[in-house]
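Report on one structure; see the data block that follows.
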Amino acid sequence: MLESYKIARSNNEEVLYLYLNVNYEFGEDLEEDDLEKKARSYLVTHDIKFNGNKIVFIVNGISTKMITINNKTYLNNYLITLNTEEKITLKELLLSLLFSNINISLREETLKALTVLYRDEVIYNLDNDTLDLRKLSLSYHNYNYYKVTYPETYKIKNDLFNKVIDDTNGEYLINDNKPIRCFTHLVSNGYTEEDKSIPYTVKKESLWDLAYPNYLQRKNYSIKEFKERLNLKSDNLTIKITSISNSNRIKELDLGERKIDARSLAVYLDLPSTDITIIIKKDYLTFITRGIGSGLGLSIIGADNLAELGYNYKQILNYYFKDVSLVVKK
1 MLESYKIARS NNEEVLYLYL NVNYEFGEDL EEDDLEKKAR SYLVTHDIKF
51 NGNKIVFIVN GISTKMITIN NKTYLNNYLI TLNTEEKITL KELLLSLLFS
101 NINISLREET LKALTVLYRD EVIYNLDNDT LDLRKLSLSY HNYNYYKVTY
151 PETYKIKNDL FNKVIDDTNG EYLINDNKPI RCFTHLVSNG YTEEDKSIPY
201 TVKKESLWDL AYPNYLQRKN YSIKEFKERL NLKSDNLTIK ITSISNSNRI
251 KELDLGERKI DARSLAVYLD LPSTDITIII KKDYLTFITR GIGSGLGLSI
301 IGADNLAELG YNYKQILNYY FKDVSLVVKK
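If you count by the UniProt record's numbering, then the sequence shown holds residues 1 to 330, one letter each, in order.
Here it is, written out as structure tokens:
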């Protein structure tokens, strides 16, 4: 149907001209809604950067019909098919991700920064128009679940989440011309983590996190339970820390029978962080942790403190990530 396009300026605004096949009979798609859907699909599949609202259809060199679209609505209405066979717009997906992953009160600029990162995660994992939710680093429940389950708070959150999605419409971060992954954590140990294999992560001071109520946590395990959880058979227990990151997080440990990375240890023992102090007693072990989460990327509590200091979401993102650019996908 659509063969080519041209973008020109008229009265200081962009106009998109879409050229239809010469043999196309316009009556097939006389309804404006159908034309708009085809135009939107063409814009997405051809990655056309169009900032205007007017679209003119040309058949055999003759201007045949003009429609007006809302460009902000256009990207938000981009339709995605999930691996569950559910069809959902990009805006509904972002709304669902915000409801599913934000369970504390945060300032608007913090939410905008998170929305940009959630959009990054979606774009990074998109395969044409399909998305496998299992690839996301985020939890997902459809926003309608929260409408039914939490009716007393739904409207306030829904209004706020819709606003931050619209205010950051189409924006995401790139590194080396590619979308980044969504690396966030609730509370750092005072510094974020730099991972050499992830070029946009960086060690950054985030001392506000130390004031968070659950910053410091303690867990005790009997020697027997510790061995069971780690599947250790030897009677002699040895624990040796063999590698530490520059932000004081454990990277690797030697347990005698085998070596283990600290992130796996944290999973086995339900520890919130890899900044761990291990105290070995006669019959039990004590694990003292600092921070909550991987420490990679954006500290949510740190970001919220930056927002309180007057940072906008772009400044927050530039604080916690290096070598990234904010771009807008139209």
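Note that CB positions come from ideal geometry on N, CA and C, so glycine has one too.
Span separating the alpha-carbon of residue 321 from that of residue 235: Along the sequence shown, read from residue 1 onward, the residue named residue 321 stands at position 321. Along the sequence shown, read from residue 1 onward, the residue named residue 235 stands at position 235. C-alpha separation (whole angstroms): 45 Å.
Test item: CB-CB of residue 189 and residue 275 under 7 Å: Position 189 of the sequence shown, counting from 1, holds the residue named residue 189. Position 275 of the sequence shown, counting from 1, holds the residue named residue 275. In this structure, residue 189 places its C-beta atom within 7 Å of the C-beta atom of residue 275.
Distance, residue 288 Cα to residue 238 Cα: In the sequence shown, counting from the first residue as 1, residue 238 sits at position 238. In the sequence shown, counting from the first residue as 1, residue 288 sits at position 288. Counting only the Cα atoms, residue 288 lies some 18 Å from residue 238.
Close beta carbons around residue 302, own chain, < 7 Å, minus the five adjacent residues each side: What you label residue 302 is simply residue 302 of the sequence shown in a count that begins at 1. Setting aside the 5 residues that flank it on each side, residue 302 is surrounded in the same chain by 188, 206, 208, 209, each with a C-beta closer than 7 Å to its C-beta; the list follows chain order.
Buried/exposed call for residue 150, threshold 16 Cβ in 10 Å: Translated into the one-based positions of the sequence shown, residue 150 becomes position 150. It is exposed - the Cβ of residue 150 has fewer than 16 other Cβ atoms within 10 Å.
Own chain, CB closer than 7 Å to residue 182, minus 5 neighbours either side, in chain order: As a position in the sequence shown, residue 182 is number 182, starting the count at 1. Short of 7 Å from the beta carbon of residue 182, and not among the five residues preceding or following it, lie these beta carbons of its own chain, in chain order: 117, 118, 120, 121, 137, 138.
Nonlocal neighbours in the same chain, by C-beta distance under 6 Å from residue 279, ignoring five residues either side: Residue mapping note: residue 279 aligns to position 279 of the sequence shown, counting from 1. Result list for residue 279: 286, in chain order.
Residue burial classification, residue 295 (beta-carbon count within 10 angstroms, cutoff 16): Counting from 1 along the sequence shown, the entry for residue 295 is found at position 295. Counting Cβ neighbours within 10 Å, residue 295 comes out buried, since at least 16 surround it.
The stretch 195 to 205 touching the stretch 170 to 184, judged by at least three CB pairs closer than 8 Å: The stretch 195 to 205 is in contact with the stretch 170 to 184.
Residue nearest to residue 90 in terms of C-alpha spacing, selected from 105, 109, 113, 123: Along the sequence shown, read from residue 1 onward, the residue named residue 90 stands at position 90. Of the candidates 105, 109, 113, 123, the one whose C-alpha sits nearest the C-alpha of residue 90 is 123.
Range covered by the alpha helix (DSSP H) that runs through residue 305: Mapped onto the sequence shown, residue 305 falls at position 305. Counting along the chain, the alpha helix (DSSP H) containing residue 305 begins and ends at 300 to 308.
Residue(s) in a DSSP beta bridge with residue 185: Within the sequence shown, residue 185 is the residue found at index 185, counting from 1. Note: residue 185 sits in a beta bridge opposite 299.
For residue 268 and residue 219, the rounded distance between their alpha carbons: Sequence index remark: in the sequence shown, residue 219 carries index 219 (1-based). Sequence index remark: in the sequence shown, residue 268 carries index 268 (1-based). Spanning the two alpha carbons is a distance of roughly 13 Å.
Residue 109 beta carbon less than 7 Å from that of residue 305: By one-based count along the sequence shown, residue 305 stands at place 305. By one-based count along the sequence shown, residue 109 stands at place 109. Contact annotation: residue 305 and residue 109 have beta-carbon atoms that are not nearer than 7 Å.
Of the residues 265, 77, 34, 36, the one placed nearest residue 169, counting alpha carbons only: Taking the sequence shown and counting its residues from 1, one reaches residue 169 at position 169. Among 265, 77, 34, 36, the Cα nearest to that of residue 169 is on 77.
Coarse secondary structure for residue 216, derived from DSSP in three states: For this step, residue 216 is matched to residue 216 along the sequence shown. Three-state DSSP puts residue 216 in a strand.
Nearest-angstrom Cα separation, counted from residue 40 out to residue 19: Counted from its first residue, the sequence shown places residue 19 at position 19. Counted from its first residue, the sequence shown places residue 40 at position 40. Going by the C-alpha atoms only, they are around 14 Å apart.
Per-residue burial, residue 290 [other beta carbons within 10 Å of its own, 16 or more giving buried]: Taking the first residue of the sequence shown as position 1, residue 290 is located at position 290. The Cβ neighbour count for residue 290, taken over all protein chains shown within 10 Å, is at least 16; the residue is labelled buried.
Beta-bridge partners of residue 240, as assigned by DSSP: Stepping through the sequence shown from its first residue, residue 240 is reached at position 240. DSSP lists 254 as partners of residue 240.
Which of helix, strand or coil DSSP assigns to residue 292: Numbered from its first residue, the sequence shown carries residue 292 at position 292. In the structure shown, residue 292 adopts extended strand secondary structure according to DSSP, grouped into three states.
Residue 193 to residue 202 span [Cα, whole Å]: To locate residue 193, count along the sequence shown from 1; it is residue 193. To locate residue 202, count along the sequence shown from 1; it is residue 202. Cα to Cα, the separation comes out at about 6 Å.
Backbone CA spacing between residue 230 and residue 112 [nearest angstrom]: As a first step, residue 230 must be located in the sequence shown, where it is residue number 230. As a first step, residue 112 must be located in the sequence shown, where it is residue number 112. Their backbone Cα atoms lie some 40 Å apart in a straight line.
For residue 154, the nearest candidate out of 114, 191, 95, 172 (CA to CA): In the sequence shown, the residue the question calls residue 154 occupies position 154. Nearest of 114, 191, 95, 172 to residue 154, Cα basis: 95.
Neighbour-count burial assignment, residue 55, 16 or more Cβ in a 10 Å radius: If you number the sequence shown from 1, residue 55 lands on position 55. Residue 55 is buried by the Cβ-count criterion.
When 266, 177, 127, 97 are compared against residue 221, the one with the closest alpha-carbon: By one-based count along the sequence shown, residue 221 stands at place 221. Answer by Cα proximity: 266.
Nearest-angstrom beta carbon gap, residue 133 and residue 83 [assumed within contact, 8 Å]: As a working note, residue 83 is residue 83 in the sequence shown. As a working note, residue 133 is residue 133 in the sequence shown. With 8 Å as the limit, residue 83 and residue 133 qualify as a contact, their Cβ atoms being about 6 Å apart.
Distance between beta carbons of residue 292 and residue 273, contact taken as under 8 Å: Numbered from its first residue, the sequence shown carries residue 273 at position 273. Numbered from its first residue, the sequence shown carries residue 292 at position 292. Here residue 273 really is in contact with residue 292; their C-beta atoms are around 6 Å apart, less than 8 Å.
7 Å CB neighbourhood of residue 30 in its chain, flanking five on each side removed: Position 30 of the sequence shown, counted from the start, is the residue given in the question as residue 30. Any reading at residue 30 needs caution, since the residue's pLDDT is 48, under 50, leaving its predicted position unreliable; the model's value is listed next. Closer than 7 Å at Cβ, skipping near neighbours: no residue.
First and last residue of the uninterrupted beta strand (DSSP E) at residue 282: As a working note, residue 282 is residue 282 in the sequence shown. Counting along the chain, residue 282 falls outside any beta strand (DSSP E), and DSSP gives it neither H nor E.
Of the residues 328, 226, 97, the one placed nearest residue 174, counting alpha carbons only: One-based indexing of the sequence shown puts residue 174 at position 174. Of 328, 226, 97, the residue nearest in Cα terms is 328.
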